[in-house]
Amino acid sequence: MRAVVLIPARYASSRYPGKPLIPLLGKPMVLWVAELSAKAVGKENVYIATDDTRIESVVKDAGFQALMTSTSCLTGTDRLAEAALQLNADIFINVQGDEPIVDPDDIRKAIAIKKQDMSNIVNGYCWISEHECPESVNIPKVITTEDNILVYMSRKTLPGFKESKYAPTRFKKQVCIYAFTAEELLAFKAFGRKSELEYSEDIEILRFFELGRKIQMYETQSGSLAVDVPADVAPVEAALKRLHVG
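Using my numbering, the first residue of the sequence shown is number 747, and each one after it goes up by one.
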């Protein structure tokens with residue numbers, strides 16, 4: 747089976763325009779993600795899916811492959827569906843372009859789990875650290891069954907509790923590594939719109955609930971940090987220094 751990594755990279759981010767190209771320790775963020783993905787699957791199996799020629803130019807100059815998509819994609823997963831039509835592969839790994847400290851082992855783990863049951867969509871999670879605020883709307887909280895099947899994902903602090911003595915002591919958060927088949931991506935795009943839950947939460951994986959798809963969550967390495975807003979840059983750069991410089 748051939749597994750490829752697709753990195754969706756949109757320039758016109760509503761919360762942080764130009765986000766894929768922001769420099770982290772002097773290197774565009776999308777290249778941090780591409781280089782780490784290449785450690786997992788090989789550089790020849792890494793593609794950046796974008797609708798912007800500025801991003802295309804940067805990734806090609808760095809020796810990576812770009813797949814051009816339309817400007818009308820509703821979400822990154824819709825963009826991946828367009829890109830998947832241009833490739834011959836069995837497993838498509840979505841690694842978000844704003845996860846510059848993604849662990850290559852976690853990418854390999856997603857592939858292995860997908861191979862075990864190709865009918866399940868695969869998505870990562872880790873535990874929210876003591877340095878993060880579970881109440882932040884920028885952190886999607888993950889609710890699963892005890893065997894890690896996704897029940898729901900929300901920007902609200904979940905699970906809830908009736909009395910303080912029942913309050914959870916820790917929370918799961920989404921890590922944006924996913925494993926799909928081409929059929930799953932095309933079914934997602936064919937839905938044709940954001941689902942009501944997806945629209946309210948602004949969490950695209952929720953659309954798969956409307957398609958009756960099972961989502962297997964798996965635990966990744968701790969310490970995942972994404973760049974959602976400009977304030978996230980400093981802590982991510984500090985993490986990169988610890989991992990790659992210090």
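Where a beta carbon is used, it is the ideal one built from N, C-alpha and C, also for glycine.
Check	Outcome
Q967, DSSP secondary structure in three states	coil
Which of helix, strand or coil DSSP assigns to I895	strand
Same chain, Cβ closer than 7 angstroms to E944, neighbours up to 5 away in sequence not counted	E950, L952 and R953
Within 8 angstroms, strictly: CB atoms of T903 and P880	yes
Cβ separation of I837 and T927, assumed to be a contact under 8 angstroms, to the nearest whole Å	7 angstroms
Contact belief for I768 with I867 at Cβ below 8 angstroms, rounded distance in angstroms	Not confirmed; about 29 angstroms, so no contact.
Residues of its chain near L957, where Cβ-Cβ distance is below 6 angstroms and the 5 sequence neighbours each way are ignored	A933
Where the alpha helix (DSSP H) through G788 begins and ends	Here G788 belongs to no alpha helix (DSSP H), and DSSP marks it neither H nor E.
Burial state of N869 (16 or more Cβ within 10 Å)	buried
Reference F971, options P981, R825 and N840, closest by Cα	Note on residue identity: the sequence assigns Leu, not Phe, to residue 971. Cα-wise, what sits closest to L971 is P981.
Counterpart residues of V751 in DSSP-defined beta bridges	V792 and I839
Opening and closing residue of the beta strand (DSSP E) in which G822 lies	Per DSSP, G822 belongs to no beta strand (DSSP E); it is in the alpha helix (DSSP H), G822 to A830.
Among R939, D978 and S946, the one whose alpha carbon lies nearest that of S818	R939
DSSP three-state assignment for A769, whether helix, strand or coil	Note that residue 769 is Pro in the sequence shown, not Ala. Of the three classes helix, strand and coil, the one that applies to P769 here is strand, per DSSP.
DSSP three-state assignment for Y924, whether helix, strand or coil	strand
Cross-strand partners of C872 (DSSP beta bridge)	K919
Counterpart residues of P774 in DSSP-defined beta bridges	P769
Option nearest T890 by Cα separation, candidates S882, N884 and S900	S900
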